[in-house]
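To start, the structure under review is shown below, and the notes come after it.
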Amino acid sequence: MSASILGAVVPTTTYYLILGAVLFGIGATGLMVRRNPLIMFMCVELMLNAVNLTFVALAVRFGNIDGQTAVFFVMVVAAAEVVVGLGIIISILKRRPGVTADDLAELKG
Amino acid sequence: MLDVIWLIPAFPLLGFVVILLFGRRLGEPASGFVASGMVLASFIVSVGVYFDLLSMDAEARSSIHTVFSWVPVDSLQVDMAFLADPLSITMCLFVTGIGFLIHLFAIGYMHGDPKFSKFFLYLNLFILSMTLLVLGENLLVTFLGWEGVGTCSYLLISFWHTKDANATAGKKAFVTNRIGDWGFMLAMFLGFQAIGSVSYESLNLAAEAGTAQGGIGQSTATGIALLLFVGAVGKSAQLPLYVWLPDAMAGPTPVSALIHAATMVTAGVFLMTRMNPMLAAAAPEVSVLIAWVGALTALFAATIAVAQTDIKKVLAYSTVSQLGYMFLAVGSGAFVAAIFHMVTHAFFKALMFLGSGSVIHGMHDEQDMRKMGALRRFMPVTAATFIVGWLAIAGVPPFAGFWSKDEILLFTLAERGPVLYAIGLITAVLTAFYMTRQVIMVFFGDARWGSFANEAEAAHLDAATGTRTDPEADTETDTDGAEAAARDDQVPVVTHGAHGEFKPHESSPIMLFPLVVLAGLAFVGGVIQLPSFGIVPEGWRHQLERWLEPVVEAGEARITDSGAYDSKGLLAVLAIVCAMIGIAAAVAIYARKMAEPIEPEILADGWGYDRAISAFMGGPGRRAFDAVAWFDKHVVDGAVNGAARLVGGAGAEIRRGQTGNVRNYAAIVGIGVVALLTWFVIGRGIL
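Same order as they appear, the protein sequences are chains A and B.
Residue numbers for the first sequence, in my numbering: 1 to 109.
Residue numbers for the second sequence, in my numbering: 1001 to 1687.
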């Protein structure tokens, strides 16, 4: 391993996994505590990408391409989801400016 | 022609579809000719199939033609298949043959009716159903026809449905028939449960094999035979379910002739004959029961017919009585005689119904025989043909009815003993009596139409009948004169009743032609089954028996070595004497006026049977139904509604979890993930 600008610290798989876990935790917590639909949507994306990171890290670790393949699928699906989801959220916000996720409880049983 | 046997039901189906689509455009009389032509085509195919079968060996005369697989469900395999054998073709020949003649008659009879084409629509549907019934290779196809003829019967009885009594009579027929159908269905289920098939061939083979060879045991056979008999009792108007047939006279007269005399009501007899091996395998008491039901029905209906004043009601009760004879034959193991009587009865009863239709037509819709008389001078052809029918049903040789009735009585004496034989003979006397009474009242004596031309004549007849209450006001199901009244309702033509100044007129040639043909058949019909008397040439004897032999082999009683058979000449003489006694008594009372007519009110009222049923159903029956309704409402519905309420309540509780708050859902998903992880890590020891 060549020396890096971070000094003697050489990132191993564990680092990436921990980073993924932290990102996932931030996303999950954000989803639960924030009320702005746009922020919650970003949190979901964060969680997706945390999972992507672990996929890639483990794929490198095991020398197996399957994990990276899965990541492409996740990215494609996420892109499609963003198109639909963002569209819905923006049209909701246009109609009811400043609305929070808690106000959108029309599906209450 | 054997391989195109499916054409027999296909032609009436085609006629039905054509009239359904273009009936209004065809109008009168084209739709009538279309319908008649289709039935004639069916008849021609039947004749072709008959000659095909005739050219084969007796044992080979049975073939099954599968049109398509109808109900292919696992072990239940039912085909839309037709069975061509001597029995089904015999039935087809007379159903389509007589059906054609009655179609022709109806073209004249229904002239001017606003629903002319609809009438022929129903008639063709009826012929379709009836041919399915007799040609069916399994109980289910027969059942399809069985229900079809019931439906057509309902539609045609209440054909002039604007009159309340007609609609009621139709409903009565339908409901009564359904009681019998229940027996038919259970018999079918029982047969399937026993051998896994509803085809006649398998059922009858299994019945002949018996339990030893893995067939049907005696108890199962008894059950099937009894349940089929329940179905037959409903369809063929036997005690205790005969009540619908007299009321069915509310329909147009060609319907009475075709459905309620010649064809549909014989379906029960046909079914019992078709399943005769089952009857042979059943406990002997079943046959005894059938014989008794038949004999009692014959006697019971004959006594009622003695006092009827409606020209069609006499014939209706007479039909019930003659069907009783057929069941007496079935119960005596005389299946050939039953079919023989069915065929001859179809000839002469269709003839007499059509004759009565011609009379009603010529009398401008008058049905009361007390207002007729002397019609032979005005309607010579109708009178002559009706008289042939009268001699046939009264049992005067050499007319057709004599031979068939004599054969039944012979088997009754040989198989079931003197008591049932005596009942049969008494019924024969009564039959001759009431038919002679009818002929005299309608065609002879003085003219009582116009304004009761002869007061003395009127008084003479009123002595017996004048005390009666007005039949129209009596009960709501009473249909005396209902047909006439209904026609008055719907046809605003020159129906001015029987009281105005008018002359009865002879009917048109298209109505007389069927009468003449049927009269011919009623005269010579007996040749198909002549007994072995010395004067009968060897080759002419027992032709129908030889023809039907392969079908009825298992059930037919063998009586040639019994004492009754040896004295059959004496029995025939006895039967002729009985007929003569009946005719002589009626001539003495109604023509010579040597005695007052004995027509007690209770007989005119049908022994009060209808009113007894009404009273029972209105009283204890009603209360029983109310109790059942209560049970249904509170216990059955209670259980169903309780289950629904339970589910509803549970749902109401669970819906509280659906807050509609996205962050709550996210939290629940999060908790779920944690729980799953905990389970993986701690519970399964992964990591």
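Think of the CB as a built atom: it goes at the ideal place given N, C-alpha and C, for glycine as much as any other residue.
For clarity, every value in this text was computed on a predicted model and none was experimentally measured.
Kindly indicate which residue of the options has the alpha-carbon position closest to the one of residue i.
| i | options | result |
| --- | --- | --- |
| residue 1097 (chain B) | B:1258, B:1182 and B:1555 | B:1258 |
| residue 1071 (chain B) | B:1164, B:1139, B:1015 and B:1625 | B:1139 |
| residue 1604 (chain B) | B:1053, B:1296, B:1304 and B:1274 | B:1304 |
| residue 1348 (chain B) | B:1396, B:1180, B:1401 and B:1650 | B:1401 |
| residue 1235 (chain B) | B:1148, B:1069, B:1283 and B:1331 | B:1148 |
| residue 1152 (chain B) | B:1542, B:1657 and B:1122 | B:1122 |
| residue 11 (chain A) | A:81, A:92 and A:60 | A:60 |
| residue 1577 (chain B) | B:1419, B:1315 and B:1426 | B:1426 |
| residue 1399 (chain B) | B:1524, B:1430, B:1510 and B:1292 | B:1524 |
| residue 1059 (chain B) | B:1599, B:1552 and B:1623 | B:1552 |
| residue 1051 (chain B) | B:1038, B:1001 and B:1628 | B:1001 |
| residue 1231 (chain B) | B:1592, B:1184, B:1118 and B:1244 | B:1184 |
| residue 1428 (chain B) | B:1514, B:1585 and B:1676 | B:1585 |
| residue 1056 (chain B) | B:1100, B:1547, B:1364 and B:1209 | B:1547 |
| residue 1128 (chain B) | B:1069, B:1009 and B:1610 | B:1009 |
| residue 1012 (chain B) | B:1032, B:1229, B:1026 and B:1024 | B:1032 |
Taking the alpha helix (DSSP H) that residue i belongs to, which residues open and close that run?
| i | result |
| --- | --- |
| residue 1302 (chain B) | 1284-1305 |
| residue 1509 (chain B) | 1509-1524 |
| residue 1123 (chain B) | 1116-1135 |
| residue 98 (chain A) | Note, residue 98 (chain A): premise wrong, no alpha helix (DSSP H); not H, not E. |
| residue 1378 (chain B) | Run containing residue 1378 (chain B): none; DSSP gives neither H nor E here. |
| residue 1440 (chain B) | 1418-1443 |
| residue 1319 (chain B) | 1311-1331 |
| residue 1111 (chain B) | No alpha helix (DSSP H) holds residue 1111 (chain B); DSSP gives it neither H nor E. |
| residue 1010 (chain B) | 1007-1054 |
| residue 1208 (chain B) | 1200-1209 |
| residue 1154 (chain B) | 1139-1157 |
| residue 990 (chain B) | Residue 990 (chain B) falls outside the range modelled here, since chain B spans only 1001 to 1687, and no answer is possible. |
| residue 1337 (chain B) | 1335-1362 |
| residue 1638 (chain B) | 1637-1654 |
For the beta strand (DSSP E) that contains residue i, what are its first and last residues?
| i | result |
| --- | --- |
| residue 1077 (chain B) | 1076-1084 |
| residue 1630 (chain B) | Not the beta strand (DSSP E): residue 1630 (chain B) falls in the alpha helix (DSSP H), residues 1622-1631. |
| residue 1065 (chain B) | 1063-1073 |
For residue i and chain B, any beta-carbon pair shorter than 8 Å?
| i | result |
| --- | --- |
| residue 107 (chain A) | yes |
| residue 32 (chain A) | yes |
| residue 50 (chain A) | no |
| residue 101 (chain A) | yes |
| residue 28 (chain A) | yes |
| residue 62 (chain A) | no |
| residue 85 (chain A) | no |
Indicate whether at least one CB of chain A lies closer than 8 Å to the CB of residue i.
| i | result |
| --- | --- |
| residue 1648 (chain B) | no |
| residue 1667 (chain B) | yes |
| residue 1659 (chain B) | yes |
| residue 1150 (chain B) | no |
| residue 1672 (chain B) | no |
| residue 1073 (chain B) | no |
| residue 1684 (chain B) | no |
| residue 1623 (chain B) | no |
| residue 1663 (chain B) | yes |
Is residue i close to the ligand ZN? I mean its beta-carbon at under 7 Å from any heavy atom of the ligand.
| i | result |
| --- | --- |
| residue 1417 (chain B) | In the structure on display, the ligand ZN does not appear, and there are no ligands present to speak of. |
Quick one: does residue i have its CB under 8 Å from some CB of chain D?
| i | result |
| --- | --- |
| residue 1681 (chain B) | This model lacks chain D altogether, as its protein chains are A and B. |
Original post:
Do the segment 1101-1109 of chain B and the segment 1244-1256 of chain B make contact, defined as three or more Cβ pairs closer than 8 Å?
Top reply: yes
Assess, as a yes-or-no matter, whether the segment 1384-1397 of chain B is touched by the segment 1428-1438 of chain B under the definition of 3 or more beta carbon pairs within less than 8 Å. yes
Practice task
Would you list, in sequence order, the uninterrupted alpha helix (DSSP H) runs of no fewer than 4 residues that lie entirely inside the segment 1252-1277 of chain B?
Solution key: 1253-1257 and 1267-1274
request  = Scan the segment 1529-1608 of chain B and note each continuous alpha helix (DSSP H) run of 4 residues or more that stays entirely inside, going in chain order.
outcome  = 1543-1552, 1563-1566, 1568-1586 and 1601-1604
Problem set entry | Segment contact flag, the segment 1338-1347 of chain B with the segment 1520-1539 of chain B, C-beta cutoff 8 Å, min 3 pairs | yes
- [ ] Count the C-beta pairs between the segment 1308-1327 of chain B and the segment 1265-1277 of chain B that are closer than 8 Å, then say yes if the count reaches three, no if not.
- [x] yes
Sufficient close CB pairs (3 or more, under 8 Å) joining the segment 1005-1012 of chain B to the segment 1044-1055 of chain B = yes
- Is the segment 1166-1178 of chain B touching the segment 1296-1312 of chain B in the sense that three or more CB pairs, one from each, lie closer than 8 Å? no
- Check whether the segment 1144-1159 of chain B touches the segment 1189-1197 of chain B, counting contact only when three or more Cβ pairs, one atom from each stretch, lie closer than 8 Å. no
Query - Meets three-Cβ-pair contact criterion under 8 Å: the segment 42-57 of chain A and the segment 66-75 of chain A - result: yes
Problem - Complete runs of the beta strand (DSSP E) confined to the segment 1380-1407 of chain B [at least 3 residues] - result: none
Inter-stretch contact at 8 Å, needing at least 3 Cβ pairs: the segment 1016-1026 of chain B / the segment 1506-1521 of chain B = no
- Query: Quick check: the segment 1088-1105 of chain B against the segment 1158-1165 of chain B, are there 3 or more CB pairs under 8 Å?
  - Reply: no
| field | Any 3 or more C-beta pairs closer than 8 Å across the segment 1356-1368 of chain B and the segment 1292-1301 of chain B | value | no
- Counting Cβ pairs, one atom from each stretch, are 3 or more of them under 8 Å apart for the segment 1077-1097 of chain B and the segment 1123-1139 of chain B? yes
- Message: I'd like to know if the segment 1534-1542 of chain B and the segment 1405-1423 of chain B are in contact, where contact means that at least 3 CB-CB pairs between them fall below 8 Å.
- Response: no
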